[in-house]
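Numbering of the sequence shown is given in our numbering, commencing with residue 1208 and proceeding in unit increments. For reference, the structure discussed in these notes is given below.
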Amino acid sequence: MPSRFELANAIRALSMDAVQKAKSGHPGAPMGMADIAEVLWNDYLAHNPADPHWPDRDRFVLSNGHGSMLLYSLLHLTGYDLDLEQLQNFRQLHSKTAGHPEFGYAPGIETTTGPLGQGLANAVGMAIAERTLAAQFNRPGHAIVDHYTYCFVGDGCLMEGISHEACSLAGTQKLGKLITFYDDNGISIDGEVEGWFTDDTAKRFEAYGWHVVPNVDGHNPDEVKAAIELARSQDDKPSLIICKTVIGFGAPNKQGKEECHGAPLGEDEVAAARKRLDWPHAPFHVPEELYQGWDATEAGQARQAAWQERFDRYAEAHPELAREFLRRQKGELPVELTSEALIEQAQEKAESPATRKASLACLNALGPQLPELLGGSADLAPSNLTFWQGARAIDATEPGGNYLHYGVREFGMGAIMNGIALHGGFVPYGATFLIFMEYMRNAVRMAALMGQRAVYVFTHDSIGLGEDGPTHQPVEQLTTLRSTPNLSTWRPCDAVETAAAWDVAIKRHAGPTALVFSRQGLPHQERTKSQLGEIQRGGYVLKDCEGTPELILIATGSEVGLAMDAAAALTESGRRVRVVSMPSTDTFDAQDAAYRQAVLPAEVGNRIAVEAGHRDFWYKYVGLEGRIVGMDSFGESAPAGDLFKHFGFTVENLVAEAEQLLDDAADD
């Protein structure tokens, strides 16, 4: 039987060989954390390489994702479908072994990591999802949800501010099944961290309400195992195991130095490391006895089989709950869902609320139908209007609810939502003011990158926010959202389009959706049945004219009503005007060419876009000769009505712009 040291050396060897072959990468963290990983994966981690999606598996997150060869080595050695050729193609085009772990590239990668600290926040979300799902489904004598979330972090993860946001909330939530290993090697890219990171990390986490195991020798398997046992004995506190390690362990001339953090060791140092580690094997060669020592397939299949037996007994005792559990694990929506009916109902009511209030009405209708909805707000629930009638707050004593009070932690909220979505069983939505999307921007990007179903409720969407002033008035944020690949952004103009947007959001499986809502009331727009059906195509003709239009007005959100009023005034003066409401530009762009041509015919070059956001985005629709009534500066502090007038969002100004455009076109 191979020794623990030999098993860990297989990680070190594969990691330094792959980085060396790629001439790029980070060998230091995998070599330094190999002993910790060996104990965790061989003695504790409940997983099945033959079925990486087994619902009750433990989750493992490598938050310091630059050490990706640690994870790839573990997946390869334990029996996942990640062969040696993939390790040899580390960091190469179309390889499953990208420079940082990418969700969906290789089986067993639970989340995309690399932006430091976000993996840790994802792990917090996974632990929340595990505990909430257990509270919702487990019954006396039937524990079908019972697993841990393990996370590796480095100095950089703990320096990032998101670690404070997520870990503070984790302590408050008393997430006893979250166990984090801190690779305390004292080295980052710039060198020894004592020059810029002197926090008392143990006291910091104790202040959060964590259980801390300090000063563990990360190269002593017995100490690591004892620390894990202590952590697993804590039911009401997340645990931080602080492991003292040597970065690049085994590389005699570079270990303990920043030189091995983010660059290949070099051929000579790799050879020296082989000698120091007593690893006489050729590059990428692992002896068969070590593969056998690592192989987790048989044990994993046995664990899953035992769980399946428990689940079968659960299904006999609670058949409806079992069916619901499986439905939610598959991410399927209830077959009886009536979300589409909300669109027609809103049209019949013909009300004119703020779209944030219309959103709450949607949640009140959807919530009872969708027990998988797990909402939240970054301390703005009374303003975002996301705490619907059936919402029940999740806390340490009542974990079976469906709503998280995230506190003022926008970035943490976004990354925790990603962890919840990745865990499965829930559709998370989280809210804040649109301007504070900036704080959570990278978490939104990560959801889009991973194709996760998360819904962002962004309210107070423009200068219409009013007196709070330019610090709170979004200008460029809509452009940022719309330019993010695989993120669908909706800015509805009334309650009807709001219902359509929510219907799209909950049915979208391949990525996140941003719903952008107004603070102020917006007028109801009348529509035909055909127009109702076209809303979800992203853009449609809301008002048309006889014959070919002279002018097309394109608008979204609060400016659709303005465009309609301006079109009415222009029509009275004999102009032929079409109004296009475009609540979702990305959705409209995805339509076939014939539909896009029908809405925005190429032969009509006179176009004006109007939106209380940054104007430059709209040139793609109006052309260089078109006009845009939008923002090219920050806002001001004043009542909303005064601001709209000051910045030109008035019928008079829009009509004047239109007449000038048409006159200029006639002169040409």
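Ideal placement from N, C-alpha and C gives every residue a C-beta, glycine not left out.
For the candidate residues Gly1538, Lys1381, Met1771, Thr1593, whose alpha-carbon lies nearest to that of Arg1785? Selected option, being the one with the closest Cα: Met1771.
Give the straight-line distance between the Cα atoms of Ile1601 and Phe1633, rounded to the nearest whole angstrom. If you take the alpha carbons of Ile1601 and Phe1633, they lie about 14 Å apart.
The alpha helix (DSSP H) enclosing Tyr1828, as first and last residue numbers: Tyr1828 -> alpha helix (DSSP H) spans 1826–1829.
Checking 8 Å against the spacing of the C-beta atoms, do Glu1674 and Phe1643 come in under that value? It is not a contact, given that the beta carbons lie outside the stated cut-off.
Please determine, among Val1817, Glu1476, Phe1824, the residue with the shortest C-alpha to C-alpha distance to Gly1855. When Val1817, Glu1476, Phe1824 are compared, the shortest CA-CA separation from Gly1855 is found for Val1817.
Using a 10 Å radius around the Cβ and a threshold of 16 neighbouring Cβ atoms, would you call Lys1564 buried or exposed? It is buried - the Cβ of Lys1564 has at least 16 other Cβ atoms within 10 Å.
Simplified DSSP assignment, three categories, for Tyr1389: Strand at Tyr1389.
Looking at the structure shown, is Arg1563 part of a helix, part of a strand, or coil, going by DSSP? Annotated three-state conformation of Arg1563 is helix, per DSSP.
Using beta-carbon positions only, say whether Met1838 and Ala1819 come within less than 8 Å of one another. In contact: Met1838 and Ala1819 (Cβ atoms closer than 8 Å).
Return the bridge partner residues of Asp1424 from the DSSP annotation. Answer is Lys1451, bridged to Asp1424.
State the Cα-Cα distance for the pair Gly1272 and Ile1218, rounded to the nearest angstrom. Approximately 15 Å, taken between the alpha carbons.
Using DSSP with H/G/I as helix, E/B as strand and the rest coil, what is Met1789? Of the three classes helix, strand and coil, the one that applies to Met1789 here is coil, per DSSP.
To the nearest whole angstrom, what separates the beta carbons of His1468 and Ile1454, a pair I think is in contact under 8 Å? Contact flag correct, Cβ pair sits at about 6 Å.
Cutting at 7 Å between CB atoms, please list the residues of its own chain near Ala1712, excluding the five before and the five after it. Cβ within range, chain order: Val1662, Thr1720, Leu1722.
Closest to Ala1847 by CA distance: which of Gly1676, Met1624, Gly1833, Val1811 is it? Cα-wise, what sits closest to Ala1847 is Gly1676.
Residues of its chain near Ile1369, where Cβ-Cβ distance is below 7 Å and the 5 sequence neighbours each way are ignored: So the qualifying residues of the chain are Gly1324, Gln1325, Ala1328, Phe1618, Gly1619, Ala1622.
Leaving aside the five residues before and after Ala1305 along the sequence, list all residues of the same chain whose C-beta is less than 8 Å from its C-beta, in chain order. If we look at Ala1305 and ignore the five residues flanking it on each side, its Cβ neighbours are Ser1275, Arg1298, Tyr1312.
Quick check on Arg1599: buried or exposed, where buried means 16 or more other Cβ atoms within 10 Å of its Cβ? Flag for Arg1599 reads exposed.
In the structure shown, what three-state DSSP assignment does Thr1639 receive? Here Thr1639 sits in strand by DSSP.
Give me, in chain order, the residues of the same chain whose beta-carbon lies closer than 8 Å to that of Lys1230; leave out the 5 immediate sequence neighbours on both sides. Only Pro1471 meet the Cβ criterion.
Report buried or exposed for Val1615, applying the criterion of at least 16 other Cβ atoms within 10 angstroms of its Cβ. Per the 10 Å Cβ criterion, exposed.
Quick check: the Cα distance between Glu1605 and Arg1535, rounded to an integer number of angstroms? If you take the alpha carbons of Glu1605 and Arg1535, they lie about 21 Å apart.
For Tyr1498, which of helix, strand or coil comes out of DSSP? Residue state, collapsed to three classes: helix.
Which runs of the beta strand (DSSP E), 3 residues or longer, sit entirely within the region 1336–1415? Entirely contained in the region 1336–1415, the beta strand (DSSP E) runs reaching 3 residues are, in chain order, 1356–1360, 1385–1391.
Run through the DSSP bridge pairs and tell me what Ile1815 is partnered with. Note: Ile1815 is bridge-paired with Leu1760, Arg1834 in the DSSP secondary-structure output.
Anyone know if the C-beta pair for His1283 and Leu1291 falls short of 8 Å? Against a cut-off of 8 Å, the Cβ pair of Leu1291 and His1283 comes out as a contact.
Please work out which residues of its chain come closer than 6 Å, Cβ to Cβ, to Ala1706, disregarding the five sequence neighbours upstream and downstream, and give them in chain order. Within the same chain, Ala1706 has close Cβ partners Leu1549, Ile1550, Ala1553, Cys1569.
For Thr1755, count neighbouring Cβ atoms within 10 angstroms of its own Cβ and tell me buried if that reaches 16, exposed if not. Flag for Thr1755 reads exposed.
Output the boundary residues of the alpha helix (DSSP H) element that contains Val1703. It spans 1702–1714 - the alpha helix (DSSP H) in which Val1703 sits, taken as one unbroken run.
Stretch pair the region 1506–1515 + the region 1241–1261: three plus CB contacts closer than 8 Å: Flag = yes, the region 1506–1515 and the region 1241–1261 touch.
Within this structure, are the beta carbons of Phe1724 and Thr1562 separated by less than 8 Å? Yes, the pair counts as a contact, with Cβ atoms nearer than the cut-off.
Sequence ranges, beta strand (DSSP E) only - wholly within the region 1265–1339, length at least 3: With a minimum length of 3 residues, the continuous beta strand (DSSP E) runs that stay inside the region 1265–1339 are 1266–1269.
Is it true that the CB of Ala1776 sits closer than 8 Å to the CB of Lys1750? In this structure, Ala1776 does not lie closer than 8 Å to Lys1750 by Cβ.
Tell me the DSSP bridge mates of Phe1665? The bridge partners DSSP lists for Phe1665 are Thr1639, Val1723.
Per DSSP, what are the beta-bridge partners of Ala1600 in this structure? DSSP output for Ala1600 lists Tyr1610 as bridge partner(s).
Unbroken beta strand (DSSP E) run spanning Tyr1646, endpoints: Note, Tyr1646: premise wrong, no beta strand (DSSP E); not H, not E.
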